[in-house]
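K.L.:
What follows is a single structure, and I will ask about it in a moment.
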Amino acid sequence: ATGATLCGPAGAADKKLVLGFSQIGAESEWRTANTASIKQAAKDAGIELKFADAQQKQENQIKALRAFIAQKVDVIALSPVVETGWGTVLREAKAAGIPVILTDRLVKEADESLWVSFMGSDFVEEGRRAGRWLLDKTKGGKEEVRILELQGTVGAAPAQDRKKGFEEAIKADPRLKIARSQTGDFSRAKGKEVMEAFLKAEAGKKVHALYAHNDDMALGAIQAIEEAGLKPGVDILIVSIDGVKGAFQAMVAGKLNVTVECSPLLGPQLMQAVKDLKAGKTLPRRMVTEEGVFPAEVAAKELPKRKY
Ligand code: GYE
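For reference, each letter of the sequence shown is one residue, going -12 to -1, 1 to 296 in mature numbering (1 follows the signal peptide of the UniProt record, and there is no 0).
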């Protein structure tokens, strides 16, 4: 007997696998690179991709998942905008027998059988890496190190985890203090707007550093800092996360001090997982992306090698 009989009528074995992917939106360079990676990898793998952009809204993601269930896709992949509120729709997918792979961000649900695997970065570790860099950069000084923080989307796993990891790392030196912290929603425009407000509120006080949960917010903040007549990267140290090309360009220009890498190139791994799943293999519960830290000193050498 051939495997084809398992899949129903003759020819069914050649039927393309169908993957429904619910993407968060297009809020950052990271996100657009992630979308491109997934679309390209689906093409390369011969997998039919049903792609839904939720424009940052959880309700749109829930609608997309329900549509995928109605269309009886083979596998669902979800990058959840926030951590909570997924139980009902994930139970619907499970009841329909459709496996769900979480990509990029995790959900907070007590029943972990609602997804088969989670692939993405260790955001707490990214936050620690950012914090350790600043700790090292400012060590030996006597004065307080006042830090401004631009947080990611409220309720999103990378926002919570990157805050946690950073705070954990800077605890090692009591001089380092977060003076202000607010969400910039992972976007350049919001990053700029909030940084403007920060600088107004801080008028007359010394700000030593900015920690942005992603590069786009840092790039927006750099504009705000320049418009306020200060030198980003010099008057205010700037550390951010992702490692997008725009960040490397800003480092080459001397306006950003360091970026902690977070790779959006999850497409090939996701397609492999879809194929493995359909071949009856059990996926690892957790697949962690490997990534590094890039300070401004290596930016010019690294920039031509960057793939996103
Ligand atoms: O860092 C940010 C994006 O979830 C890791 O989302 C992702 C984050 C990324 O908008 O730029």
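Every residue, glycine too, gets a C-beta built ideally from N, C-alpha and C.
Where does R274 land, buried or exposed, given buried means 16+ other C-beta within 10 angstroms?
P.N.:
exposed
K.L.:
Just grab the DSSP bridge partners of D41 for me.
P.N.:
Answer is Q11.
K.L.:
Using the DSSP secondary-structure output, state which residues sit across from E249 in a beta bridge.
P.N.:
Beta-bridge pairing links E249 to D230.
K.L.:
Let me know the beta strand (DSSP E) ranges lying completely inside the segment 38 to 90, each 3 residues or longer, listed in chain order.
P.N.:
DSSP runs (the beta strand (DSSP E)) wholly in the segment 38 to 90: 63 to 66.
K.L.:
Classify E181 as helix, strand or coil using the three-state DSSP reduction.
P.N.:
Three-state result, E181: helix.
K.L.:
Are there any heavy atoms of ligand 1 lying less than 7 Å away from the beta-carbon of P68, as far as the coordinates show?
P.N.:
no
K.L.:
Can you grab the Cα-Cα spacing for the pair K3 / G34, in whole Å?
P.N.:
10 Å
K.L.:
Using beta-carbon positions only, say whether G208 and K243 come within less than 8 Å of one another.
P.N.:
no
K.L.:
Looking only at its chain, what residues have a beta carbon closer than 8 Å to the beta carbon of S16, apart from the 5 residues adjacent to it on each side?
P.N.:
F174, S175, R176, N202, D203, D204, D230, V232
K.L.:
In chain order, what residues of the same chain lie with their CB nearer than 8 Å to the CB of T171, ignoring the 5 residues before and after it?
P.N.:
L138, Q139, G140, T141, V142, A147, K178, V182
K.L.:
Pick from L123, A189, E156, G75: whose alpha carbon is nearest that of L102?
P.N.:
G75
K.L.:
Between A145, A197, E184, A191, which lies nearest to I158 when the distance is taken from Cα to Cα?
P.N.:
A197
K.L.:
From Q28 to G255, what does the alpha carbon distance come to, in whole angstroms?
P.N.:
7 Å
K.L.:
Give the straight-line distance between the Cα atoms of E215 and A24, rounded to the nearest whole angstrom.
P.N.:
33 Å
K.L.:
Taking the beta strand (DSSP E) that E137 belongs to, which residues open and close that run?
P.N.:
133 to 139
K.L.:
Judging by CA-CA distance, which residue of R294, P283, L291, K295 is the nearest neighbour of R120?
P.N.:
P283
K.L.:
With a cut-off of 8 Å, do at least 3 Cβ pairs link the segment 84 to 91 to the segment 124 to 131?
P.N.:
no
K.L.:
Spell out a yes or no on whether the segment 261 to 278 and the segment 56 to 75 are touching, meaning 3 or more CB-CB pairs, one atom from each, closer than 8 Å.
P.N.:
yes
K.L.:
Take the Cβ of E249 as the centre, count every other Cβ of all protein chains shown within 10 Å, and call the residue buried at 16 or more, exposed below.
P.N.:
buried
K.L.:
Excluding the 5 residues flanking L225 on each side, which residues of the same chain have their C-beta closer than 6 Å to its C-beta?
P.N.:
If we look at L225 and ignore the five residues flanking it on each side, its Cβ neighbours are A197, N245.
K.L.:
Beta carbon of I229: closer than 7 Å to some heavy atom of ligand 1?
P.N.:
yes
K.L.:
Among the residues of its own chain, which have a CB less than 7 Å from the CB of E132, if the five just before and after it don't count?
P.N.:
R163, K165
K.L.:
Which of the three DSSP states, helix, strand or coil, is assigned to T171?
P.N.:
Reduced to three states, the DSSP call for T171 is strand.
K.L.:
Specify, as a first and last residue, the run of the alpha helix (DSSP H) that S105 falls within.
P.N.:
S105 -> not in any alpha helix (DSSP H); beta strand (DSSP E) instead, spanning 105 to 108.
K.L.:
Since V77 contacts E36 with CB under 8 Å, what's their CB separation in whole angstroms?
P.N.:
Between E36 and V77 the Cβ distance is about 22 Å, and since that is not below 8 Å, they are no contact.
K.L.:
Determine the DSSP secondary structure at P272, reduced to helix, strand or coil.
P.N.:
coil
K.L.:
May I ask whether a heavy atom of ligand 1 can be found less than 7 Å away from the beta carbon of F154?
P.N.:
The answer is no for F154.
K.L.:
Verify whether the separation of the beta carbon atoms of S228 and A200 is less than 8 Å.
P.N.:
Yes. Within cutoff.
K.L.:
Could you tell me which residues DSSP pairs with L164 in its beta bridges?
P.N.:
BP columns for L164 point to V133.
K.L.:
Grab the span of the alpha helix (DSSP H) containing residue 336 for me, first residue to last.
P.N.:
Only positions -12 to 296 of the chain appear in the structure, and residue 336 is not among them; the question remains open.
K.L.:
With DSSP collapsed to three states, give me the class of L218.
P.N.:
Shown here, L218 sits in coil according to DSSP, grouped into three states, outside any helix or strand.
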